[in-house]
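Visitor: Counting from 1, position 201 in the sequence shown corresponds to residue 189 in our numbering; the numbering is continuous, with no gaps. One structure follows; several queries about it will come next.
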Amino acid sequence: MTYRLKYHVCPEHGWINDPNGFSYFQGYYHLFYQYYPDEPIWGPMHWGHVRSKDLVHWENLPIALIPGDKEDLHGCFSGSAVEYNNRLYLIYTGNIYDDPEHITFHQNVNIAWSEDGIHFYKYENNPVISEPPVDNTYHFRDPKVWREDDHFKMIIGGQKEDGRGHVLIYQSDDLINWDYLGEYGHASTIDHEGKMWECPDLFRLNGVNVLLMSPQGIKEDGEKYRNYHQTGYKIKDTFIELDHGHDFYAATTMLAPDGRRILMAWMDMWHSEFPEKEEGWSGAMTFPRELTIHDNHLYMMPVEELALLRYESKKVEVTDYLLPSRQVEIDLDICDGLSLNLSNLYTLTVNNHKVTVMNQTEHVGTIKEYQSMKLLIDSSSVEVFINGGELVFTDRVYFKDTPVLSLNKKMTCRITTLSE
């Protein structure tokens, strides 16, 4: 059996990482991503491209951005997309290495545009921001642009001269001429909040300002921050991890036409083994998630369009149960003392409001009450949503055969087969 995911975005061949340019244009959701088409390893970054009418059935489109021009000589790094004057604009990072070993580099901000959402043209006078402000190092990337009143706003990830991560904010009337407004926020210390804030995203949710970002270099702190890099958010002063699994990074959001705030992230982590490389591809995206906020805490749940994939559903009493396929949705109650196992590759235990997942490494989160749990399983992934998205774990789990679900106590589960 192949590890290829059936209802998640993944490449036909080559490598993908950060989601980019998540947007809605001319009746389609558009998702771009960091892409190296030649091999299933990280290489000179292109922008791959898919689109969808419903967030679950995705159509592959031609590569949107190819590196090699003077302003993006060694990579079209991450960025965002925005509609303006009936065009879809991509705002992206140009990366140029200064030495053969790729130790130092400089980065800038560029734009490209399309009238049909498929064929893109780089602005002839790129870059639109040629260098970072004087109080920033050469780490200057991942612009996120949105329309606010009569202006465009941009935040971009950076690094202060003292080595702490921070976010910068700019403003423009035309996407070409940008005014630097200053620093939006910064890390308290490198150990606690990181040395570089990648993939920042700033939005309002139910009247609350949320800064989402992926800091690099946070030091592990007990049961927190156990990934190589983290992804989380700030609403007030405290950085909060958004997903407690092993494989979640570079999250980005978009505002859907119906007002929902929808998120996607890279469903992998740097320095992982990526067994799918043997099949000629590497990397995947999470299933799209709707963000909500309660008591200044972000909740994530699969978008309601998941219903379009549901094929057959039934309630079963489970202790040991062979799942109907490697593409299933499982719903069950959660209780203290619960232990769940998937083919001895993935375990989840609940003990005194602490939830522990053991996959490649051990990850831990806490919950307030015992309510419900939803698992989305694909050929090589498990996404767990507890208590309506209060606590979420995302992991790549490489099932060689159809998984067996084992519980330490007999429980009623709703098991739904998901079609491709």
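Ideal Cβ positions, reconstructed from N, Cα and C, are used throughout, including at glycine.
Across the stretch 34 to 49 and the stretch 215 to 233, are there enough close Cβ pairs to call them in contact, namely three or more that are closer than 8 Å?
Guide: They do not touch, by the three-pair rule.
Visitor: With a cut-off of 8 Å on the beta carbons, I'd call residue 76 and residue 13 a contact; round off their distance for me.
Guide: Residue 76 to residue 13, Cβ: 4 Å. Contact.
Visitor: In chain order, which continuous runs of the beta strand (DSSP E) of length 3 or greater are located wholly inside the stretch 29 to 93?
Guide: DSSP runs (the beta strand (DSSP E)) wholly in the stretch 29 to 93: 34 to 40, 46 to 53, 64 to 72, 75 to 85.
Visitor: Pair every Cβ in the stretch 374 to 393 with every Cβ in the stretch 341 to 356, then say whether three or more of these pairs are closer than 8 Å.
Guide: Touching, yes, given that three or more Cβ pairs across the two stretches are closer than 8 Å.
Visitor: Assign residue 365 to one of three DSSP states: helix, strand, or coil.
Guide: Here residue 365 sits in strand by DSSP.
Visitor: Cα separation between residue 123 and residue 98?
Guide: Going by the C-alpha atoms only, they are around 21 Å apart.
Visitor: Beta-carbon within less than 6 Å of residue 396's beta-carbon, same chain only, minus the 5 sequence neighbours each way: which residues are those?
Guide: These residues qualify, in order along the chain: 327.
Visitor: Roughly how many angstroms lie between the CA atoms of residue 321 and residue 379, to the nearest whole one?
Guide: Computed Cα separation, rounded: 14 Å.
Visitor: Counting only runs of 4+ residues fully inside the stretch 104 to 189, write out the alpha helix (DSSP H) ranges in chain order.
Guide: 178 to 181, all fully within the stretch 104 to 189.
Visitor: Are the stretch 111 to 123 and the stretch 160 to 170 touching, with three or more C-beta to C-beta distances below 8 Å?
Guide: Because the criterion of three Cβ pairs below 8 Å is met, the stretch 111 to 123 and the stretch 160 to 170 touch.
Visitor: According to DSSP, what are the bridge partners of residue 258?
Guide: Its beta-bridge partners do not exist; DSSP assigns none.
Visitor: Cβ of residue 402 within 8 Å of Cβ of residue 331?
Guide: No, the pair does not count as a contact, with Cβ atoms beyond the cut-off.
Visitor: So which of 299, 126, 154, 289 has the shortest CA-CA distance to residue 222?
Guide: Selected option, being the one with the closest Cα: 154.
Visitor: Could you tell me the alpha carbon to alpha carbon distance between residue 9 and residue 311, rounded to whole angstroms?
Guide: Between residue 9 and residue 311, the C-alpha separation is close to 36 Å.
Visitor: Consider the C-beta atom of residue 134 and the heavy atoms of the ligand ATP; say whether any pair is separated by less than 7 Å.
Guide: This structure simply doesn't include the ligand ATP, nor any ligand for that matter.
Visitor: Measuring straight from C-alpha to C-alpha, what distance separates residue 259 and residue 213?
Guide: Distance between the alpha carbons of residue 259 and residue 213: 16 Å.
Visitor: So residue 393 packs on residue 309, CB below 8 Å; how close in whole Å?
Guide: Residue 393 to residue 309, Cβ: 5 Å. Contact.
Visitor: Going by beta carbon distance, what residues of the same chain come within less than 7 Å of residue 347, once the five residues before and after it are set aside?
Guide: Here the set comprises 234, 334, 383, 385.
Visitor: Name the DSSP beta bridge partners of residue 251, please?
Guide: DSSP, once it has assigned bridges, lists 241, 277 as partnering residue 251.
Visitor: Taking 8 Å as the threshold (C-beta atoms), are residue -4 and residue 319 in contact?
Guide: Not in contact: residue 319 and residue -4 (Cβ atoms no closer than 8 Å).
Visitor: Please classify residue 256 as buried or exposed, where buried requires at least 16 neighbouring CB atoms within 10 angstroms.
Guide: Classification of residue 256: buried, given that the 10 Å Cβ count is 16 or more.
Visitor: Going by beta carbon distance, what residues of the same chain come within less than 6 Å of residue 201, once the five residues before and after it are set aside?
Guide: Cβ neighbours of residue 201 beyond the five flanking positions: 185, 188.
Visitor: For the beta strand (DSSP E) holding residue 18, just list the boundary residues, first then last.
Guide: From DSSP, the beta strand (DSSP E) with residue 18 extends over 16 to 24.
Visitor: How would you call residue 81, buried or exposed, if buried means at least 16 neighbouring beta carbons within 10 angstroms?
Guide: Residue 81 comes out buried.
Visitor: Terminal residues of the continuous beta strand (DSSP E) containing residue -10?
Guide: Element bounds for residue -10: n/a, residue is neither H nor E.
Visitor: What first and last residue would you give for the beta strand (DSSP E) that runs through residue 223?
Guide: Counting along the chain, residue 223 falls outside any beta strand (DSSP E), and DSSP gives it neither H nor E.
Visitor: Would you mind reading off the limits of the beta strand (DSSP E) that contains residue 214?
Guide: Run containing residue 214: none; DSSP gives neither H nor E here.
Visitor: Sort 289, 125, 136, 159 by Cα distance to residue 145 and report the nearest one.
Guide: Comparing Cα positions, the closest option is 125.
Visitor: Am I right that residue 270 and residue 28 are in contact with their C-beta atoms under 8 Å? What's the rounded C-beta distance?
Guide: With a Cβ gap of about 4 Å, residue 270 and residue 28 count as contacting.
Visitor: Quick one: which unbroken beta strand (DSSP E) runs of 3-plus residues sit fully inside the stretch 310 to 372? Chain order, please.
Guide: List check, beta strand (DSSP E) in window: 316 to 321, 327 to 330, 334 to 339, 342 to 346, 350 to 354, 360 to 366.
Visitor: Since I believe residue 74 is in contact with residue 103 (beta carbons under 8 Å), could you give me their beta-carbon distance rounded to a whole number of angstroms?
Guide: Contact flag correct, Cβ pair sits at about 7 Å.
Visitor: Only counting the same chain, and skipping five residues up and downstream in sequence, which positions put a Cβ closer than 7 Å to that of residue 84?
Guide: Closer than 7 Å at the Cβ level, and outside the excluded window around residue 84, lie 61, 62, 93, 94.
Visitor: For residue 98, which beta-bridge partners are listed by DSSP?
Guide: DSSP lists 80 as partners of residue 98.
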